[in-house]
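S.K.: Residue 194 in the numbering used here sits at position 127 of the sequence shown, and the numbers go up by one each step. Right, I'll just put the structure down here and ask away after.
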Amino acid sequence: MNNSKEKIIKNKQNKIKPLSKHLIITIILLFFSFCLGTYVWIHHQTLTETEKQITNHHKRLENQNLNLQEIKKHFQQNQNELNEKIQTQNHEFINEFQTQLQPKLEALTTLSQKNNEEEFLFKPSNPQKFLSFDKLIGFKEELKVVEGFIDYLKNKDNYQGIGEVEPPLGILMHGCPGTGKTTLARALAKETHLPFFEVSSSLFSQKYKGLAPQMVKDLFESARKEADKKNGAIIFLDECETIFTDLGTLKAGSEIANVVNQFKTEMTSFENNPEKPIFIIGATNHIDQIDEAIKSRFTYNIEVKPGNKEERKQFLEFMIKKRQNPYSDEAKKYLFEVINEALEFLPHNHQFSKANRTLENLLKTTVNIFARNRGTDENKRNEINSEDLKQTYQMIISQNTEVLDQIKNQKKGGE
Numbered sequence: 068m069n070n071s072k073e074k075i076i077k078n079k080q081n082k083i084k085p086l087s088k089h090l091i092i093t094i095i096l097l098f099f100s101f102c103l104g105t106y107v108w109i110h111h112q113t114l115t116e117t118e119k120q121i122t123n124h125h126k127r128l129e130n131q132n133l134n135l136q137e138i139k140k141h142f143q144q145n146q147n148e149l150n151e152k153i154q155t156q157n158h159e160f161i162n163e164f165q166t167q168l169q170p171k172l173e174a175l176t177t178l179s180q181k182n183n184e185e186e187f188l189f190k191p192s193n194p195q196k197f198l199s200f201d202k203l204i205g206f207k208e209e210l211k212v213v214e215g216f217i218d219y220l221k222n223k224d225n226y227q228g229i230g231e232v233e234p235p236l237g238i239l240m241h242g243c244p245g246t247g248k249t250t251l252a253r254a255l256a257k258e259t260h261l262p263f264f265e266v267s268s269s270l271f272s273q274k275y276k277g278l279a280p281q282m283v284k285d286l287f288e289s290a291r292k293e294a295d296k297k298n299g300a301i302i303f304l305d306e307c308e309t310i311f312t313d314l315g316t317l318k319a320g321s322e323i324a325n326v327v328n329q330f331k332t333e334m335t336s337f338e339n340n341p342e343k344p345i346f347i348i349g350a351t352n353h354i355d356q357i358d359e360a361i362k363s364r365f366t367y368n369i370e371v372k373p374g375n376k377e378e379r380k381q382f383l384e385f386m387i388k389k390r391q392n393p394y395s396d397e398a399k400k401y402l403f404e405v406i407n408e409a410l411e412f413l414p415h416n417h418q419f420s421k422a423n424r425t426l427e428n429l430l431k432t433t434v435n436i437f438a439r440n441r442g443t444d445e446n447k448r449n450e451i452n453s454e455d456l457k458q459t460y461q462m463i464i465s466q467n468t469e470v471l472d473q474i475k476n477q478k479k480g481g482e
């Protein structure tokens, strides 16, 4: 009985042993499978994360590449714009440099021609078209002042043998614009038969900037050569305030200051021959701007004023005859008696409206107004009338025409 039990137990144990081995092996396999699966999962996660990082890195690289391309594009664009600006500025600089250099080159070219005695830098004007004294209208007071100047030139023998005599150095003419300063200077040249160098003073401050003092020397050198031939010469400087500016208002060593000093030197130079003198005539509308030291070098100082009522009438008659415009008798009477009378009532600061130049403009403009207003066909006028003149007065002289009406009514009442 016991033996049979033991056998049963033994058989059971023998059956259990193989089961235990299989179980252990199964467990071990399951464990390894778990570990392997875990490893694979972890590895997969790692690879996935790495792949994401790589993808992000690629995206960043692409963005950086795009940014670099954009930066490169902007850089290229800025570089192109900069090159264009540099080229433009260089072009402008070259043009400006050429503009500034051209006058000096022209001046140097002109100066280089001085070796030819037939070509002077400055030449006297042709006096044929100048008015003589007997043709001048007005200037009675002005001519009285220059009688000494003319007498010295015409009667030099009277100034010999009476000791040292200083020839007149020149005349400074001043006054409002359009009074005939240039006309008077030309008449003096024609009356004295002297070579007449007519120069615009702006020449020394504009065209030959940088060479102005040398140009002054050349002007006087040319005048001295002509004076030796003709026993004297006249230099006429229009708008002379441009070069005779008050030195107190200029910087020392400035271009204009050098010109002023050069004129001072040349006017009193020992190279000037008293027997064949050079006379300076200056004309200015701004005598207050002239350097005092220059003023003192002019022997005569003349204010050239607008003509009086009678002189204005003579000038208007002369211009109408010269221009041959068709003024009616009624228009002439209105011009000489009404408009001319109205000019007497202008304020002092409008004296230029009485000047010959303004009167000439009055006549020129009247013709244009007449041509515009004369009408057409059967109604076409053939003569200038007082209404044309009145419109011109309103444009040239004063917009207030009440004084014209008052004078006209007074004239009617007195008839």
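For every residue, glycine included, the Cβ atom is placed at its ideal position computed from N, Cα and C. Source: prediction; values computed, not measured.
Going by beta carbon distance, what residues of the same chain come within less than 8 Å of S336, once the five residues before and after it are set aside?
M.R.: The residues are F287.
S.K.: First and last residue of the beta strand (DSSP E) that includes F303?
M.R.: A300 to D305
S.K.: Could you check the C-alpha separation between I464 and R390 for me, to the nearest Å?
M.R.: Answer to the nearest angstrom: the Cα atoms are 21 Å apart.
S.K.: Give me the residue from T425, L270 and F263 with the minimum Cα distance to R291.
M.R.: F263
S.K.: Taking 8 Å as the cut-off, decide whether the C-beta atoms of E333 and K284 are in contact.
M.R.: yes
S.K.: I'd like to confirm the pairing. Which residues does DSSP put opposite G349 in its beta bridges?
M.R.: L239 and L304
S.K.: Can you look up F365 in the DSSP assignment and give me helix, strand or coil?
M.R.: F365: coil per DSSP, three-state reduction.
S.K.: Between P235, T249 and K297, which lies nearest to E306 when the distance is taken from Cα to Cα?
M.R.: T249
S.K.: Taking just the CA atoms, how far does F99 sit from L90?
M.R.: Straight-line measurement puts the Cα of F99 at about 14 Å from the Cα of L90.
S.K.: Would you kindly check if the distance between the Cβ of K479 and the Cβ of T468 is under 8 Å?
M.R.: Going by C-beta atoms, T468 is not nearer than 8 Å to K479.
S.K.: According to the Cβ coordinates, are N392 and I451 closer than 8 Å?
M.R.: yes
S.K.: Measuring straight from C-alpha to C-alpha, what distance separates S267 and T246?
M.R.: If you draw a straight line from the Cα of S267 to the Cα of T246, it is about 17 Å long.
S.K.: Am I right that N225 and A279 are in contact with their C-beta atoms under 8 Å? What's the rounded C-beta distance?
M.R.: Not a contact, Cβ separation roughly 39 Å.
S.K.: What does the alpha-carbon distance come out to for the pair W108 and I92?
M.R.: 24 Å
S.K.: Closest to E231 by CA distance: which of L429, E342 and V470 is it?
M.R.: E342
S.K.: Mind reading off the beta-carbon distance from E244 to F216? Whole number of angstroms is fine, and I expect it under 8 Å.
M.R.: The question names Glu, yet the displayed sequence has Pro at residue 244. Their Cβ separation, rounded to whole angstroms, is 24 Å, which puts P244 and F216 out of contact at 8 Å.
S.K.: When you compare only the Cα positions, how much space is there between K362 and T309?
M.R.: 14 Å
S.K.: Looking at C-alpha atoms only, which residue of N298, E370, S289 and F271 is the closest neighbour of S321?
M.R.: F271
S.K.: Given D355, which residues of its chain have a CB within under 8 Å of its CB, disregarding the five upstream and five downstream residues?
M.R.: none
S.K.: Considering S267, what are the terminal residues of the beta strand (DSSP E) in which it resides?
M.R.: F263 to S267
S.K.: Tell me, to the nearest whole angstrom, how far the beta carbon of K490 is from that of N407; I am working on the premise that it is less than 8 Å.
M.R.: Residue 490 lies beyond the range of the chain shown here (68 to 482); nothing can be said about it.
S.K.: As a quick exercise: from T117, D201, Q281 and M240, pick the residue whose alpha carbon is nearest that of I323.
M.R.: Q281
S.K.: Can you tell me whether T312 is helix, strand or coil according to DSSP?
M.R.: strand
S.K.: Quick one: is F303 buried, meaning 16 or more other Cβ sit within 10 Å of its Cβ, or exposed?
M.R.: buried
S.K.: Please classify I217: does DSSP put it in a helix, a strand, or coil?
M.R.: helix
S.K.: Let me check understanding here. Comparing Cα to Cα, which of L255, K207 and Q146 lies closest to Q195?
M.R.: L255
S.K.: Answer with yes or no whether the minimum CB distance from P262 to chain C is below 8 Å.
M.R.: The structure shown contains no chain C; it is built from a single protein chain.
S.K.: For T425, which of L383, R364 and Q136 has the nearest alpha-carbon?
M.R.: L383
S.K.: May I ask you to list the residues that DSSP assigns as paired with E370?
M.R.: H241
S.K.: Give me the Cα-Cα distance between F197 and D444, rounded to the nearest whole angstrom.
M.R.: 43 Å
S.K.: Can you name, in chain order, every residue of its own chain whose Cβ lies under 8 Å from the Cβ of A398, other than the five neighbours on each side?
M.R.: Result list for A398: E450, I451, N452, S453, D455 and L456, in chain order.
S.K.: Tell me which residue opens and which closes the alpha helix (DSSP H) that A398 is part of.
M.R.: D396 to K400
S.K.: Which whole-angstrom value describes the C-beta separation of S420 and L413, a residue pair presumed to lie in contact below a C-beta threshold of 8 Å?
M.R.: 5 Å
S.K.: Label N183 either buried or exposed according to how many other C-beta atoms from any shown protein chain fall within 10 Å of its C-beta, with 16 as the threshold for buried.
M.R.: The predicted model places N183 with a pLDDT of 42, which falls under 50 and marks its position as unreliable, so this point remains unresolved.
S.K.: Suppose you measure from the CA of E370 to the CA of K207; what does that come to, to the nearest Å?
M.R.: 12 Å
S.K.: Report the three-state DSSP secondary structure of I109 (helix, strand or coil).
M.R.: Taken through DSSP and simplified to helix, strand or coil, I109 comes out as helix.
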